[in-house]
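Inspection log for the structure reproduced underneath, given as structure tokens.
Protein chains in written order, with our numbering: chain A, 1 to 78; chain B, 1001 to 1337.
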């Protein structure tokens, strides 16, 4: 399954890119994807990161080909 | 005359202008977001603006905090801002608060206004605004920036989602513009988004950014609108328990030292660390076996009085020989925030 992954805030720096296309055979659900990505990039405070699938925040999502996933960390500058 | 160009708009008109004149907004934080927001709202003729900030103008503010000039460095931001805004539009009532928003004053201050604009730069105050606005039934307009990226949303608007619905888990790492750097244009743009959302809410027209998070990266030209769902359990928790305290600004100076905190569990500042054993004085005897005897332990409370009682009790009755009292109280073992 091919997914488009987008990283925001400091996550883009940790991952070293703003977005990437990934071919992931083993992943079915958003929870599985999160585990995989958090493992790969070792994001700090990963429990605070919100993940949107096709611009919607829904943790129980099943993923499908072509989905766009956005990893959103909280930040507070002003 | 003054408002002719905006009254000419179909969705404003004389009635809309009257609504603006009758409106009141509290702007919390007069920095990179608060300055542009306050400027445009003053220009538009919002009747009453509260300006809250405890800080003074520094030379490093000037590239983005457009109300201040070189001659203002060292002066209080709210005083300078009020003078500049008054010169722009003397019809606007400006109320200045040279203070921090705290758990004690937040609800009362917010209750005086129709809505809040968040110009703050830390999680602690954002969650505080979120809780206080929920409890006072006020809408607030949120924005945050990180490097070239900004977020904006309207929370608690007509029973819509709150900030806690978006980010229920509190991040501990506060990254401010002082640390990461920012160009002036980004907070400038987001402060204006906030002012625009305020105007739409006042007029009761257009599509308000409620239930949605706007994200833009100006350097990458990324633009995203995320749907936020309401989390009723997050809202219920605040409604039932009131404002929830933040602890993450408090860190220990010495992370390797073992401490015993004998304050009640709710006492502020709250502080989380695996090196702190928390046993309120009243429970000390019942839980004495939890306290190690072969490692130095520093006992603290708010001021040093209860911790001294705890030390004497443990030494005299339970023969501890490894205890030290933090005689100056908790503040002396914390890092400056």
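We treat Cβ as the ideally placed atom computed from N, Cα and C, and that holds for glycine. Note that the structure is predicted; figures quoted are calculated from it, not measured.
With 16 as the cutoff for other CB atoms within 10 Å, does residue i come out buried or exposed?
i, result
"residue 74 of chain A", "buried"
"residue 1187 of chain B", "buried"
"residue 1023 of chain B", "buried"
"residue 1122 of chain B", "buried"
"residue 52 of chain A", "buried"
"residue 11 of chain A", "buried"
"residue 2 of chain A", "exposed"
"residue 1195 of chain B", "buried"
"residue 1307 of chain B", "buried"
"residue 1321 of chain B", "exposed"
"residue 49 of chain A", "buried"
"residue 1071 of chain B", "exposed"
"residue 1182 of chain B", "buried"
"residue 1335 of chain B", "exposed"
"residue 1059 of chain B", "exposed"
"residue 1217 of chain B", "buried"
"residue 1068 of chain B", "buried"
"residue 1046 of chain B", "buried"
"residue 35 of chain A", "exposed"
Compare the C-alpha of residue i against each of the options and name the closest.
i, options, result
"residue 1341 of chain B", "B:1074, B:1082 and B:1019", "Outside the displayed range of chain B (1001 to 1337) lies residue 1341 of chain B, so it cannot be described from this structure."
"residue 1028 of chain B", "B:1161, B:1231, B:1127 and B:1059", "B:1127"
"residue 1255 of chain B", "B:1297, B:1242 and B:1269", "B:1297"
"residue 1100 of chain B", "B:1287, B:1055 and B:1283", "B:1055"
"residue 1189 of chain B", "B:1170, B:1162, B:1251 and B:1039", "B:1039"
"residue 1105 of chain B", "B:1267, B:1184 and B:1129", "B:1129"
"residue 956 of chain B", "B:1171, B:1092, B:1221 and B:1019", "Any question about residue 956 of chain B goes unanswered here, given that chain B covers just 1001 to 1337."
"residue 1215 of chain B", "A:7, A:1, A:60 and A:44", "A:7"
"residue 1102 of chain B", "B:1166, B:1116, B:1132 and B:1073", "B:1132"
"residue 1373 of chain B", "B:1159, B:1313 and B:1003", "The question about residue 1373 of chain B has no answer here: the residues shown for chain B are numbered 1001 through 1337."
"residue 44 of chain A", "A:62, A:14, A:67 and A:78", "A:14"
"residue 1284 of chain B", "B:1311, B:1165 and B:1150", "B:1311"
"residue 1327 of chain B", "B:1335, B:1301 and B:1077", "B:1301"
"residue 1015 of chain B", "B:1237, B:1203 and B:1135", "B:1203"
"residue 1148 of chain B", "B:1066, B:1185 and B:1200", "B:1185"
"residue 1209 of chain B", "B:1163, B:1078 and B:1269", "B:1163"
"residue 1259 of chain B", "B:1114, B:1333 and B:1230", "B:1333"
"residue 1230 of chain B", "B:1199, B:1165, B:1066 and B:1263", "B:1165"
"residue 56 of chain A", "A:68, A:46, A:4 and A:64", "A:68"
"residue 1089 of chain B", "B:1001, B:1159, B:1118 and B:1191", "B:1001"
"residue 1137 of chain B", "B:1145, B:1161, B:1057 and B:1006", "B:1161"
"residue 1077 of chain B", "B:1119, B:1159 and B:1156", "B:1119"
"residue 9 of chain A", "B:1153, B:1313, B:1145 and B:1191", "B:1145"
"residue 78 of chain A", "B:1086, B:1142, B:1135 and B:1074", "B:1142"
"residue 1330 of chain B", "B:1251, B:1282 and B:1317", "B:1251"
"residue 982 of chain B", "B:1114, B:1303, B:1097 and B:1006", "In this structure chain B extends from 1001 to 1337, so residue 982 of chain B is not present and cannot be described."
"residue 1257 of chain B", "B:1134, B:1324, B:1005 and B:1313", "B:1324"
"residue 1192 of chain B", "B:1153, B:1125 and B:1159", "B:1153"
"residue 1057 of chain B", "B:1066, B:1073 and B:1064", "B:1073"
On the DSSP letters alone, give me the boundaries of the beta strand (DSSP E) that residue i sits inside.
i, result
"residue 1261 of chain B", "1258 to 1261"
"residue 1052 of chain B", "1048 to 1052"
"residue 1139 of chain B", "1139 to 1146"
"residue 1216 of chain B", "1212 to 1217"
"residue 7 of chain A", "2 to 7"
Just to confirm the assignment, what range does the alpha helix (DSSP H) spanning residue i have?
i, result
"residue 1237 of chain B", "1232 to 1241"
"residue 1339 of chain B", "Outside the displayed range of chain B (1001 to 1337) lies residue 1339 of chain B, so it cannot be described from this structure."
"residue 40 of chain A", "30 to 41"
"residue 1118 of chain B", "Note, residue 1118 of chain B: premise wrong, no alpha helix (DSSP H); beta strand (DSSP E) at 1115 to 1118."
"residue 50 of chain A", "Segment 50 to 53 is the beta strand (DSSP E) holding residue 50 of chain A; no alpha helix (DSSP H) there."
"residue 1152 of chain B", "Where residue 1152 of chain B is concerned, there is no enclosing alpha helix (DSSP H), although the beta strand (DSSP E) it sits in stretches over 1149 to 1155."
"residue 1222 of chain B", "It is not in any alpha helix (DSSP H) - residue 1222 of chain B instead sits in the beta strand (DSSP E) that spans 1222 to 1227."
| query | Would the region 1226 to 1236 of chain B and the region 1027 to 1041 of chain B be scored as touching if the rule is three or more Cβ pairs under 8 Å? | reply | no
| query | Can you find at least 3 beta carbon pairs, one from the region 16 to 26 of chain A and one from the region 1004 to 1011 of chain B, that sit closer than 8 Å? | reply | Counting C-beta pairs closer than 8 Å gives fewer than three between the region 16 to 26 of chain A and the region 1004 to 1011 of chain B, which falls short of the contact rule.
| request: Could you list the residues in the region 1137 to 1148 of chain B with a C-beta less than 9 Å from some C-beta on chain A, going in chain order? | output: 1143, 1144, 1145, 1146 and 1147
| said: Beta carbons nearer than 8 Å to chain B: which residues of the region 8 to 30 of chain A have them? | reply: 8, 9, 10 and 18
| request: Taking a Cβ distance cut-off of 8 Å, strictly less, list which residues of the region 1179 to 1195 of chain B are near chain A, in chain order. | output: 1180, 1182 and 1187
| query | Mind listing which residues of the region 1025 to 1036 of chain B have their C-beta closer than 9 Å to chain A's C-betas, in chain order? | reply | Against chain A - using a Cβ distance shorter than 9 Å - the residues of the region 1025 to 1036 of chain B are 1029, 1031, 1032, 1033 and 1034.
| message | Check whether the region 1045 to 1059 of chain B and the region 1101 to 1112 of chain B are in contact - that is, three or more C-beta pairs closer than 8 Å. | response | yes
| Between the region 32 to 55 of chain A and chain B, which residues of the former have a C-beta closer than 8 Å to a C-beta of the latter? | 44, 45, 47, 48, 50, 52 and 55
| query | Below 8 Å, can you find three or more Cβ-Cβ pairs linking the region 1263 to 1274 of chain B to the region 1284 to 1299 of chain B? | reply | no
| Interface positions of the region 1067 to 1083 of chain B facing chain A (Cβ-Cβ less than 7 Å), listed along the chain | Residues of the region 1067 to 1083 of chain B whose Cβ lies closer than 7 Å to any Cβ of chain A: none.
| message | Under 7 Å, CB to CB, which of the residues in the region 1111 to 1135 of chain B have a partner in chain A? | response | 1119, 1120, 1121, 1122, 1123 and 1126
| Of all the residues that make up the region 60 to 75 of chain A, which are near chain B by a beta-carbon distance shorter than 9 Å? | 70, 72, 73, 74 and 75
| field | Selection of the region 1260 to 1284 of chain B by Cβ proximity to chain A, strictly under 7 Å | value | none
| field | Selection of the region 1213 to 1241 of chain B by Cβ proximity to chain A, strictly under 9 Å | value | 1213, 1215, 1217, 1220, 1222, 1224, 1225, 1226, 1227, 1228 and 1229
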